[in-house]
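In the order they appear, the protein sequences are chains Z and C. Quick note on numbering: UniProt numbering labels position 151 of the first sequence as 151, and the sequence is numbered without any gaps. Quick note on numbering: UniProt numbering labels position 189 of the second sequence as 189, and the sequence is numbered without any gaps. Positions of the beta carbon are idealized from the N, C-alpha and C atoms, including for glycine. Notes for the one structure printed next.
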Amino acid sequence: MGTRDDEYDYLFKVVLIGDSGVGKSNLLSRFTRNEFNLESKSTIGVEFATRSIVVDNKTIKAQIWDTAGQERYRAITSAYYRGAVGALLVYDIAKHLTYENVERWLRELRDHADQNIVIMLVGNKSDLRHLRAVPTDEAKTFAERNGLSFIETSALDSTNVETAFQNILTEIYRIVSQKQIRDPPEGDVIRPSNVEPIDVKPTVTSEVRKQCCQ
Amino acid sequence: MACIDFKEVLADSPSFRFKLEQEEESIESLEQKLDKILKYATSSCDSGRTFIVNQSAFATSLWELQKHFPDDKDALTKIIHCLQEMNKFHNILLEQCSKTVLKNISNFIKKDIREVKDYKQIFMKVSENFDGALNKNSQVNKSRPQEIVEAENYVCSTKSQFQHSALDYVNYITLLQRKKRPEILSTLLSYVSACSTYFHQGSDLCQDYDTYLFKELDEEVNSMRADYAVLEKEMQKRHNYVNGYSKEEKNKDGDDSKGAVKQMEGYLFKRTSNAFKTWNRRWFYMKDNKLYYRKRSGEELPTVMEDDLKLCAVRPLFDADRRFCFEVISPTKNHILQADTETHYQDWIQALQSAIGNAIQNNSRYSQHMCASTSSISSSSSATTPSSSKTKEKRINWKQMLLIPGNMRCADCGNNDPKWASINLGITLCIACSGVHRSLGVHYSKVRSLTLDVWEPEILRVMTELGNEVVNKIYEATYDEILSDIERATENCDDEVRKKWIYAKYVDRKFVLPLTEQKTELLPPNLLPSPSKWSVKKNRRRTSRRSTHNNNNDTKITTKEHDNSEDEKEINEGILMLGDKLLDTSMPVACNLFSNSDQESTSGEEDVLDEEDIDKLNPNYVLYKASIAHNLPVMCQAMSLGADKNWINPEIFERTPLHQAVIVGSLMTCEFLIMNGANINCVDRRNYTPLHLSIEMGNTALAYLLLKHKAKYDIQTVDGKLPIDFAVQTANADVVTLLRLHQLNDEIGGTEDSEPGGDSTYNDVMRDFSHLANNLRLRSNKRDGGGSSSSSSITNNMDNISME
Chain Z
1 MGTRDDEYDY LFKVVLIGDS GVGKSNLLSR FTRNEFNLES KSTIGVEFAT RSIVVDNKTI
61 KAQIWDTAGQ ERYRAITSAY YRGAVGALLV YDIAKHLTYE NVERWLRELR DHADQNIVIM
121 LVGNKSDLRH LRAVPTDEAK TFAERNGLSF IETSALDSTN VETAFQNILT EIYRIVSQKQ
181 IRDPPEGDVI RPSNVEPIDV KPTVTSEVRK QCCQ
Chain C
1 MACIDFKEVL ADSPSFRFKL EQEEESIESL EQKLDKILKY ATSSCDSGRT FIVNQSAFAT
61 SLWELQKHFP DDKDALTKII HCLQEMNKFH NILLEQCSKT VLKNISNFIK KDIREVKDYK
121 QIFMKVSENF DGALNKNSQV NKSRPQEIVE AENYVCSTKS QFQHSALDYV NYITLLQRKK
181 RPEILSTLLS YVSACSTYFH QGSDLCQDYD TYLFKELDEE VNSMRADYAV LEKEMQKRHN
241 YVNGYSKEEK NKDGDDSKGA VKQMEGYLFK RTSNAFKTWN RRWFYMKDNK LYYRKRSGEE
301 LPTVMEDDLK LCAVRPLFDA DRRFCFEVIS PTKNHILQAD TETHYQDWIQ ALQSAIGNAI
361 QNNSRYSQHM CASTSSISSS SSATTPSSSK TKEKRINWKQ MLLIPGNMRC ADCGNNDPKW
421 ASINLGITLC IACSGVHRSL GVHYSKVRSL TLDVWEPEIL RVMTELGNEV VNKIYEATYD
481 EILSDIERAT ENCDDEVRKK WIYAKYVDRK FVLPLTEQKT ELLPPNLLPS PSKWSVKKNR
541 RRTSRRSTHN NNNDTKITTK EHDNSEDEKE INEGILMLGD KLLDTSMPVA CNLFSNSDQE
601 STSGEEDVLD EEDIDKLNPN YVLYKASIAH NLPVMCQAMS LGADKNWINP EIFERTPLHQ
661 AVIVGSLMTC EFLIMNGANI NCVDRRNYTP LHLSIEMGNT ALAYLLLKHK AKYDIQTVDG
721 KLPIDFAVQT ANADVVTLLR LHQLNDEIGG TEDSEPGGDS TYNDVMRDFS HLANNLRLRS
781 NKRDGGGSSS SSSITNNMDN ISME
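Structure (structure tokens):
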């Protein structure tokens, strides 16, 4: 696997949510492994994948939680949203019902996720032009009204998949890095007020810990 | 006008015709007017009916108001009745109207006027005939006398016909004109009198209600208004109270410092641990040595921020940008909180510090006064909530644990203040003996504090199954005060004596009765033939009530069907029933130690396992069989005899005791085996680990227990299956999530420290799962539908026993 991507500046947890069958798992596999599977099975519980991208010379590791859309395959909800800083709320542009249910998913986010979570509305399967049931403008207006960013993607032909993840991760990065300037990292040291804090981050995290008995 | 001159009629004079026309016009006009009246009367009736329908709906809808006026039910009822009565009267009026006005007038139009009009046709025809006859007569030639006679005759007859019908016609007209007066007037009169009745009835009704509605209720309403005015003023005054309240808050410091414990609850800002570091406002409070918080609304359960304040510290945080910040530090986490004002900030720090101080000082009493009056919170968290049930367990265990036979005194020296326990041996200890136990090493004894530590339900269960009496019967079976060269430890003995005693007892196991001797010892003396078989009973709480129900469930372990002559067989054939002697003193143990967390799926199985040949009687096999029977005392005995915890049964898939404990679904047995050093990753012939089996059986709680003990999840079975494959196969979302999270956590490399920009998601999620594990039985029942109804019957059994 060459160099392991253990080194990163930021780790962001992003959840993929939306109705069953809208293509969440394929969006994830397209982004992390550049794969697509027409006959993928329903996700049970949750699946994880990670990929690192670079923004402003910082390595951002995205830990993406691909959750089950189908109610009976979902584990306890709180697990999905704990610590998540971003959410891709996916619907199928060819199935209007999956778009109607976006409201329901938003409600679930408001109930369980951090209030600052960055939400991106993703209309997937944009390749199905002849079957389109949700007009782009309608979804765009809806997203604007609810303060979400919006994009249409196709995991099948790769359109916008990269952009979608790039955008949401960059947006999270901007928010988090701005916050870091405002709140210095916590610590025992009481610094003189005229000294700028220098944020030193551990370079290797996992290696060090493995040495200890568990 | 009615009378047209008789002569004129007979003469058919122009004046007659003129009058006739006049009369006809007048009748025509009358008909039009009457039609109009009819039309309006009809629509008036219809709109009246609509009005009544709506009015009655209005009255009915008032009924629904009753819920909101519990004190005014009587008044409401009366008002509604009154309205309904009025409606009834109105209805009668409308009926009258349609009966009289509509019916009579339309009758008059349809019958009387029509008659006149019809007769007009006849008259016209006769008149024409007469005219024709006259014409004919005039045209007759003088020279034809015959014709003249005929014509004259004809004229004569038509003339008389004409005169008669003319008279009739005039009669009809005259009569109609006469009739209309009484007919129409009487109709109108009857309507007006109906109206009068209506209003009279209304007036009577009002008089009936007069005293109540219009006097008493009116007075009541007035007094209500007065009350309202007073209240309104009071409410306005509350604004002053707000100002006073904040002043009070500032001043109260002095008074409060007297009370040792500060009762503190209120809003704080809390910084989230995720990358955003969002500040959320939450309601914080302390209860039972725990720090809780909850959202203002929309949250059923409070979140436990720290579940043991003893381990926490509080300190001000100066290097934050925000004011009034402080930190709550626990071994695993730091929480940053912010108060609203300087006073609040001081109060909270003080309250937390004193709560922590109290927790450390009164750790045995769980400082109940702390939770004395936590108002709304305690009421909202019902007994079913995971957090509160956990609290309950923790609070009861300390005293309940001493109720287990023998536990009132230290298992080793008899000291009457045992506050410690060895969880793998299932005994309570005094502090001195617990020190020696610690020195033995954790493979011999795992020491915990009864009062300071958190007790998992499965460990509590292990403790209840064993206890000092049972365990000492095993570990001190052959001890003889006089013959032995080892001195028994006593409450105030030398450290050296204590140490020697405990080493001899648990490390060298000097006083354990070997299995071969048990054979003879356990048998009744009159039974001469030595036993040829042996077996183990299911866990002891069930021995007192031998189940008689059919084993309709899948009896995976007990393969043979036994008939109910089993009891006799025991005596007749001399079956050595291991553990009987350990248990004969067993008394009901308070069962509320383990709320609903226990999931022993024993129901439907038989109480006694298949008996085995006596030549198979060896510690390893006894441990194996006892694990199947989840009989902890016998397991303990087998271990005291040096049983191999990882012994493999070559006859049954090369399974170990732990495999079997998983198969019978006993959390407690698994926990006991793991605590005593059973290999959690042992594999059977098909390379199944206990984790494989637990998932295959759909037992989420067991899977969680095994993963908690760091079971490996990447071992493949012979046919290449990972534990997760089973979970995916059975679509068990919880287990899938659990396994993948474990894997992810290992890949990232633990979460003990906070990652750069990372968070403690894993720990938080695991905590959610442990809460869930307490309620898992409910979930798995829901998923499986039938099958696991056993659990409830067990609870019933246990209830019964505790009542005996």
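Cβ distance (whole Å) where residue i is taken to contact residue j below 8 Å
i, j, result
"T43 of chain Z", "A68 of chain Z", "5 Å"
"D764 of chain C", "G83 of chain Z", "7 Å"
"G711 of chain C", "L691 of chain C", "Looking at the sequence provided, one finds Ala at residue 711 of chain C rather than Gly. That pair is a contact at about 5 Å."
"W65 of chain Z", "L16 of chain Z", "7 Å"
"I695 of chain C", "A727 of chain C", "5 Å"
"N472 of chain C", "A432 of chain C", "About 17 Å separates the two Cβ atoms, so there is no contact after all."
"V304 of chain C", "K295 of chain C", "Actually they do not touch by this definition, with Cβ atoms about 14 Å apart."
"V608 of chain C", "K537 of chain C", "5 Å"
Contact with chain B by residue i, beta-carbon distance below 8 Å
i, result
"R740 of chain C", "In the structure shown, chain B does not exist; the protein chains are Z and C."
Spatial distance of residue i from residue j (CA atoms)
i, j, result
"F16 of chain C", "V101 of chain C", "35 Å"
"K510 of chain C", "G642 of chain C", "12 Å"
"V126 of chain C", "Q163 of chain C", "9 Å"
"I427 of chain C", "G677 of chain C", "17 Å"
"residue 825 of chain C", "D734 of chain C", "With chain C covering 1 to 804 only, the question about residue 825 of chain C has no answer from this structure."
"A655 of chain C", "V662 of chain C", "Reading the sequence as shown, one finds Arg at residue 655 of chain C and not Ala. Whole-angstrom Cα-Cα distance: 11 Å."
"I502 of chain C", "H630 of chain C", "27 Å"
"V14 of chain Z", "L741 of chain C", "14 Å"
"E327 of chain C", "R767 of chain C", "22 Å"
"L30 of chain C", "Y119 of chain C", "17 Å"
"A166 of chain C", "Y198 of chain C", "48 Å"
"H709 of chain C", "K616 of chain C", "32 Å"
"A151 of chain C", "D12 of chain C", "20 Å"
"K419 of chain C", "M408 of chain C", "10 Å"
"F31 of chain Z", "V161 of chain Z", "6 Å"
"Y285 of chain C", "Q361 of chain C", "20 Å"
"S375 of chain C", "E611 of chain C", "Any answer about S375 of chain C is weak, because its pLDDT of 35 lies below 50 and its placement is not dependable; what the coordinates show is given next. Approximately 58 Å, taken between the alpha carbons."
"Q139 of chain C", "V9 of chain C", "25 Å"
"D208 of chain C", "G202 of chain C", "10 Å"
"R438 of chain C", "K505 of chain C", "14 Å"
"V192 of chain C", "L93 of chain C", "10 Å"
"D340 of chain C", "N146 of chain Z", "31 Å"
"I329 of chain C", "L337 of chain C", "11 Å"
"T451 of chain C", "L440 of chain C", "22 Å"
- Query: If you measure beta-carbon to beta-carbon, which residues of the region 719-730 of chain C are closer than 7 Å to chain Z?
  - Reply: V728
- Residues in the UniProt repeat "ANK" (686-718) of chain C with C-beta within 8 Å of chain Z's C-beta atoms, listed in sequence order? K710
- Message: I'd like the ranges of any alpha helix (DSSP H) spanning at least 4 consecutive residues and lying wholly in the region 85-125 of chain Z.
- Response: 96-100, 102-112
- Check distances from the C-beta atoms of the region 14-40 of chain Z to those of chain C and list, in chain order, the residues that come in under 9 Å. none
- Task: Check whether the region 66-80 of chain C touches the region 152-163 of chain C, counting contact only when three or more Cβ pairs, one atom from each stretch, lie closer than 8 Å.
- Result: no
- Query: If we count Cβ pairs, one from each stretch, closer than 8 Å, do we get three or more for the region 124-132 of chain Z versus the region 77-95 of chain Z?
  - Reply: yes
- Item | beta strand (DSSP E) runs contained entirely in the region 321-363 of chain C, provided each spans 3 or more residues | 325-329, 334-338
- Task: Return the chain-ordered ranges of every beta strand (DSSP E) run that is complete within the region 87-154 of chain C and spans a minimum of 3 residues.
- Result: none
- Query: Would you say the region 84-93 of chain C touches the region 170-183 of chain C, given that touching needs at least three Cβ pairs under 8 Å?
  - Reply: no
- Inspect the CB distances between the region 102-114 of chain C and the region 34-50 of chain C and report whether three or more fall short of 8 Å. yes
- Message: Could you tell me which whole alpha helix (DSSP H) segments of length 4 or greater appear in the region 121-169 of chain Z?
- Response: 136-145
- Message: Closer than 8 Å between beta carbons: that is the criterion. Which residues of the region 70-85 of chain Z meet it against chain C?
- Response: R72, Y73, R74, A75, I76, S78, A79, R82, G83, A84, V85
- Message: Any contact between the region 442-453 of chain C and the region 473-482 of chain C? By contact I mean 3 or more CB pairs, one from each, below 8 Å.
- Response: no
- Interface residues of the region 94-115 of chain Z facing chain C [CB-CB below 7 Å]: D111, D114, Q115
- Near-chain C residues of the region 40-52 of chain Z - C-beta to any C-beta below 7 Å: I44, G45, V46, E47, F48
- Message: To be precise: take each residue of the UniProt domain "Arf-GAP" (395-519) of chain C, compare its Cβ to all Cβ atoms of chain Z, and keep it if any distance is under 9 Å. Which residues remain?
- Response: none
- How do the region 308-315 of chain C and the region 223-240 of chain C stand: do at least 3 beta-carbon pairs fall below 8 Å, yes or no? no
- Message: Going residue by residue through the region 10-84 of chain C, where are the continuous alpha helix (DSSP H) segments of at least 4 residues, counting only ones entirely within it?
- Response: 14-63
- Task: Using a Cβ-Cβ cut-off of less than 8 Å, give me the residues of the region 143-173 of chain Z that come near chain C, in sequence order.
- Result: I172
- the region 104-115 of chain Z / the region 271-280 of chain C touching (three or more Cβ pairs under 8 Å): yes
- Message: Could you tell me which whole beta strand (DSSP E) segments of length 3 or greater appear in the UniProt domain "Arf-GAP" (395-519) of chain C?
- Response: 420-422, 427-429, 447-449
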